[in-house]
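**Student:**
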Ligand code: FEO
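In structure tokens:
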């Protein structure tokens, strides 16, 4: 266990070897953060994935006999946080499981048990002795059941997925790791987990604007505790939730016989020559969750694919399906690619970018078989449109 504040301890699990979180690549692993509050009525805020249970239990036992826990707060039903509640209740069968109304529904569907639930709503408080815990429902950040718990006397917010990062480390505080690293991971986390719910994030930010926050203890990754770091992550969340972008271009493509790649490379060189910030990703080498992480700060997404059996390549199909779910709105898209005998497959490329919330910058450029120098030269028109858009 690790002390977070007076009588508040981290009792979570570091998942060093996690490399995929339901499709989100996690080269740095993750953590599932459970927090133990020792007071007259001891509380555990969230648990860990089922395979981290023993480690969590060991940490709890360093501080308290687990049978003494009176409340297990489930801020979020998803099993990375609630997966060990059932086993923990075998020690403290009379403990109340505190959750939102949707949390109760979700936990019953997952565990098929009628635990001793204590259902709370926004603004409800729970006195646990010297402290009061206050609850804020945060639907869709990340599931309909999600809520935050706030320790009033400690000024500590436990917002579950919000402000989290998939990052395994020995350290528990963002400032111990280096703020640039943690912000980069938080951006990837936001892009891949939270991005579709900008409106709900703004509502959650409105709620927490009126409370004093000395630390944010998310349920993944590192704790934010320095004032400047707290200000930074809250203002970034506001920016991301408003779908504000930077001025960069992301080129993402896959290719069969290098023709689409030549188009992608030409676009990259032309943009670079104009000093327009541009990033360049082949889906053969880059995971879709890493591309999405770059799109969070991009104004324009250029997506290119070859045509295979009248369809775009499967890797591009996966990227587009993912993007349509995450909806990086307020951006512009441009489509390109090489085809053999029919262009029909490019319609899916165009429609998917639109469905992902992007406006098409220009008509797509599709080249038969292998591009020649004149056709590649013709891509300069697109660069002019990009310049005009970025300088507008
Ligand atoms: Fe970390 Fe939505 O669970």
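Residue numbers (our numbering): 1 to 392. Glycine included, each C-beta is placed from N, C-alpha and C at the ideal position.
1) Of all the beta strand (DSSP E) runs that stay within the bounds of the stretch 148 to 226, which reach a length of 3 or more residues?
2) Within a Cβ cutoff of 7 Å, which residues of the same chain sit near residue 39, ignoring the five residues on either side of it in sequence?
3) If you check the beta carbons only, do residue 312 and residue 323 fall under 7 Å apart?
4) Does at least one heavy atom of the ligand FEO sit under 6 Å from the Cβ of residue 142?
5) Tell me the rounded alpha-carbon separation between residue 474 and residue 307.
6) Quick one: is the Cβ of residue 80 within less than 6 Å of any heavy atom of the ligand FEO?
7) Would you list, in sequence order, the uninterrupted alpha helix (DSSP H) runs of no fewer than 4 residues that lie entirely inside the stretch 62 to 111?
8) Excluding sequence positions up to five away, which residues of its chain have a Cβ less than 7 Å from the Cβ of residue 17?
9) Measure the beta-carbon distance from residue 125 to residue 134 and round it to whole angstroms, keeping in mind my assumption that it falls under 8 Å.
10) If you check the beta carbons only, do residue 251 and residue 268 fall under 7 Å apart?
11) Can you tell me whether residue 122 is helix, strand or coil according to DSSP?
12) One question on the structure: do residue 339 and residue 361 come within less than 7 Å of each other, judged by their Cβ atoms?
13) Going by DSSP in three states, residue 34 sits in which element: helix, strand or coil?
14) Keeping to the same chain, check which residues put their C-beta closer than 8 Å to that of residue 389; ignore five residues upstream and five downstream.
15) Sorted by chain position, which residues of the same chain lie with C-beta nearer than 7 Å to residue 238's C-beta, five sequence neighbours on each side aside?
16) Return the first residue and the last residue of the beta strand (DSSP E) that residue 133 is part of.
17) State the DSSP-derived secondary structure class of residue 392, mapped to helix, strand or coil.
18) Thinking C-beta only, is residue 154 closer than 7 Å to residue 5?
19) Apart from the five residues just before and just after residue 26, which ones in its own chain have a Cβ nearer than 7 Å to its Cβ?
20) Near residue 79, which residues of its chain fall below 8 Å by C-beta distance, leaving aside the five closest residues on each side in sequence?
21) Can you tell me which residues form a DSSP beta bridge with residue 14?
22) Helix or strand or just coil, what does DSSP make of residue 46?
23) I need the DSSP call for residue 405, collapsed to helix, strand or coil.
24) Per the contact definition of three or more C-beta pairs closer than 8 Å, is the stretch 193 to 209 in contact with the stretch 136 to 143?
25) Distance, Cα to Cα, residue 295 vs residue 342?
26) I'd like the list of long-range same chain contacts for residue 179, defined as Cβ closer than 6 Å, with 5 residues on each side in sequence excluded.
27) Excluding five sequence neighbours on each side, which residues of the same chain lie with their C-beta closer than 6 Å to the C-beta of residue 256?
28) Starting from residue 279, follow its DSSP beta bridges and name the residues at the other end.
29) Can you check whether the C-beta of residue 281 is within less than 7 Å of a C-beta belonging to chain C?
30) How would you label residue 22, buried or exposed, when you count the other beta carbons within 10 angstroms and need 16 or more for buried?
31) Who does residue 237 pair with in a DSSP beta bridge?
32) Taking just the CA atoms, how far does residue 287 sit from residue 43?
33) Within its chain, find whatever has a CB closer than 8 Å to the CB of residue 108; leave out the 5 residues flanking it on each side and keep chain order.
34) In whole angstroms, give me the CA-to-CA distance for residue 102 and residue 148.
35) Which two residues bound the contiguous beta strand (DSSP E) that contains residue 298?
36) On the DSSP bridge assignment, give the partners of residue 359 in chain order.
**Tutor:** Well, looking at it:
1) 156 to 160, 215 to 218
2) 7, 128, 129, 130, 131
3) Not a contact, by the Cβ cut-off of 7 Å.
4) yes
5) Beyond the ends of the chain as shown, which are 1 and 392, falls residue 474; an answer cannot be given.
6) Answer for residue 80: yes, Cβ within range of the ligand FEO.
7) 79 to 82, 85 to 89, 101 to 111
8) 29
9) So it is a contact: roughly 5 Å between Cβ atoms.
10) yes
11) coil
12) In terms of Cβ geometry, residue 339 and residue 361 do not form a close pair [threshold 7 Å].
13) coil
14) 299, 300, 332, 361
15) 205
16) 132 to 137
17) The answer is coil: DSSP assigns residue 392 none of H, G, I, E or B.
18) yes
19) 18, 19, 20, 166
20) 49, 50, 110
21) 31
22) coil
23) Examination of residue 405 is not possible in this model, given that the chain is present from 1 through 392 alone.
24) Touching, per the Cβ criterion.
25) 30 Å
26) 229
27) 306
28) 250
29) No chain C appears in the structure shown, which is made up of a single protein chain.
30) Counting Cβ neighbours within 10 Å, residue 22 comes out exposed, since fewer than 16 surround it.
31) Assignment of beta-bridge partners to residue 237 by DSSP yields no partner.
32) 39 Å
33) 114
34) 13 Å
35) 298 to 305
36) 332
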